[in-house]
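Structure, as structure tokens:
There are 2 protein chains.
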Amino acid sequence: MQRTNFGDMACSIARTLDVIGEPWSPLVLRDIWVGMNRFDQIQADLGISRKVLTERLAHLVERGVLEKQAYDNRPRYEYVLTAKGLELVDVLMAMVGWGDKWLAGEAGPPVLYRHRACGEIAHVDPRCSHCGEPMHAEDVEVLAGPGSAG
Amino acid sequence: MQRTNFGDMACSIARTLDVIGEPWSPLVLRDIWVGMNRFDQIQADLGISRKVLTERLAHLVERGVLEKQAYDNRPRYEYVLTAKGLELVDVLMAMVGWGDKWLAGEAGPPVLYRHRACGEIAHVDPRCSHCGEPMHAEDVEVLAGPGSAG
DNA sequence: ATTCGGGGTTCCCTGAAGGAACTCAAGGTG
DNA sequence: CACCTTGAGTTCCTTCAGGGAACCCCGAAT
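Chains E and L supply the protein sequences, listed in that same order.
Sequential numbering from 1 applies to the first sequence in the UniProt record's numbering.
Sequential numbering from 1 applies to the second sequence in the UniProt record's numbering.
See the structure below:
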């Protein structure tokens, strides 16, 4: 939709939205993350229109987030996350954390995440890359950076 | 856009997208986060259509992410983040981290974030809420939770 | 009495999402 | 060989949402 091109804005949020901002894109990424790598699998799981799924997959491949790999002599393909795509999933995990906390309701979270390193069910906790202390929205000051516009 | 209703899916990513998944919503949130609280300010800053901005603000207020406050005897309003909205900004900060790393290019990141606690320019680092070790996409195992469908 | 400025509405046009049907290539089956 | 099945799309049509510009309303200031 967004005819307005977010990718040209001097804002990393807008640029990230240029990659996964269109409807369905984050859900496509999630499906591939959890091991649904094929067109029909994703289409059936999400109930997305085949046309739109084709467009989204092509866009994500073009942006270097996914790779299209043949898995048979026949024209059969599956989509896998690149390193860039795998890091993008960290953004999805942040969404999960917020959604689990504020939108899950009585039933509790629909999906649990076990941290392999410690074996416990956990969620992501944003920390400062420098000092390791919690780093939330209210803990930061926003400054112009080297790539700022103008 | 998305005629498909993400809010009803048993997935916290989809539910979160039901709140900020529409085009512009994350950017509106960002603007309010950095202190642009008024309609015309946001509209001018983003170049968003007034009609769409009206819709997005109403949606975010309805979902409890923003609050509309009068700031004058005249009919003048500003939009401020609720606690729920402030935590949602953590998701935006995750986007910033990814965008800064993968999309900033030569010029470097357009915006810098100073962590007040340590005074350093930093970015968010997702950690396990249980053990504190790094928690990225490849470090977790996905399991069905109590609120799973079926 | 008129202008101004914030905060929206209304209108029309285009373009994107939904949905179903159709295509195409390669293997398997009788 | 003729036929069916599968995966992976493509085509076409309809409906609805975003873009853009103009318009409106209310209270204050001049």
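Just so you know, even glycine gets a beta-carbon here, dropped at the ideal spot from N, CA and C.
Just tell me which of the options has its CA closest to the CA of residue i.
i	options	result
E:VAL111	L:GLU78, L:PRO146, L:GLY105 and L:ASP125	L:PRO146
E:LEU17	E:MET36, E:ASP45 and E:LEU92	E:LEU92
E:ARG63	E:TYR71, E:PRO109, E:ASP100 and E:GLY21	E:GLY21
E:LEU88	E:PRO26, E:GLY7 and E:ALA14	E:PRO26
E:LYS68	E:ARG38, E:GLY7 and E:GLY47	E:ARG38
L:GLU55	L:LEU81, L:ASP45 and L:VAL28	L:VAL28
L:MET9	E:VAL142, E:ASP100 and E:LEU81	E:ASP100
E:LEU35	E:TYR79, E:HIS136 and E:CYS118	As written in the sequence, residue 35 of chain E is Gly, which differs from the Leu given in the question. Comparing Cα-Cα distances from E:GLY35 to each of E:TYR79, E:HIS136 and E:CYS118, the minimum goes to E:TYR79.
E:VAL96	L:PRO134, L:ALA94 and L:SER12	L:SER12
E:GLY119	L:TRP102, L:LEU143 and L:ARG76	L:LEU143
L:ALA117	E:ALA94, E:GLU141 and E:TRP98	E:GLU141
E:GLY85	L:ARG74, L:LEU103, L:TRP33 and L:LEU81	L:LEU103
What residue range is occupied by the uninterrupted alpha helix (DSSP H) comprising residue i?
i	result
E:ALA44	39–46
So residue i packs on residue j, CB below 8 Å; how close in whole Å?
i	j	result
E:ASP125	L:CYS128	7 Å
L:HIS59	E:ASP139	Not confirmed; about 27 Å, so no contact.
E:LEU46	E:LEU57	About 12 Å separates the two Cβ atoms, so there is no contact after all.
E:GLN41	E:LEU53	No, E:GLN41 and E:LEU53 are not in contact; Cβ-Cβ is about 11 Å, not under 8 Å.
L:ALA94	E:ASP90	6 Å
E:ALA137	L:TRP33	6 Å
How is the beta strand (DSSP E) around residue i delimited, first residue to last?
i	result
E:ASP18	Element bounds for E:ASP18: not the beta strand (DSSP E) but the alpha helix (DSSP H), 12–20.
L:VAL34	Looking at the DSSP string, L:VAL34 is not in any beta strand (DSSP E), and its letter there is neither H nor E.
E:GLU141	140–144
E:CYS128	124–128
Using a C-beta to C-beta distance shorter than 8 Å, which residues of chain L count as neighbours of residue i?
i	result
E:ILE13	PRO26, LEU27, ARG30, LEU92, MET95, VAL96 and GLY99
Using the beta-carbon of each residue, which ones in chain E are nearer than 8 Å to residue i?
i	result
L:GLU87	TRP98, LYS101, TRP102, HIS136 and ALA137
L:LYS84	TRP102
L:PRO109	SER12, GLY145, PRO146 and GLY147
If the cut is a Cβ gap below 9 Å, which residues of chain E does residue i touch?
i	result
L:ASP8	Near L:ASP8 there are no residues of chain E at all, since even the closest Cβ is about 11 Å away, more than 9 Å.
Along chain L, in chain order, which residues have C-beta atoms closer than 9 Å to that of residue i?
i	result
E:HIS59	Under the 9 Å cutoff, chain L gives no residues; its nearest Cβ is about 14 Å from E:HIS59.
E:THR54	The premise fails here: E:THR54 is roughly 16 Å from chain L at the closest Cβ pair, so nothing lies under 9 Å.
Strictly below 7 Å CB to CB, what residues from chain L border residue i?
i	result
E:VAL80	Near E:VAL80 there are no residues of chain L at all, since even the closest Cβ is about 13 Å away, more than 7 Å.
E:LEU17	PRO26
For a contact defined as C-beta to C-beta under 7 Å, what are the partners of residue i on chain E?
i	result
L:ARG114	VAL140, GLU141 and LEU143
At which residue ranges does the stretch 54–112 of chain E contain complete alpha helix (DSSP H) runs of 4 or more residues, listed in the order of the chain?
83–102
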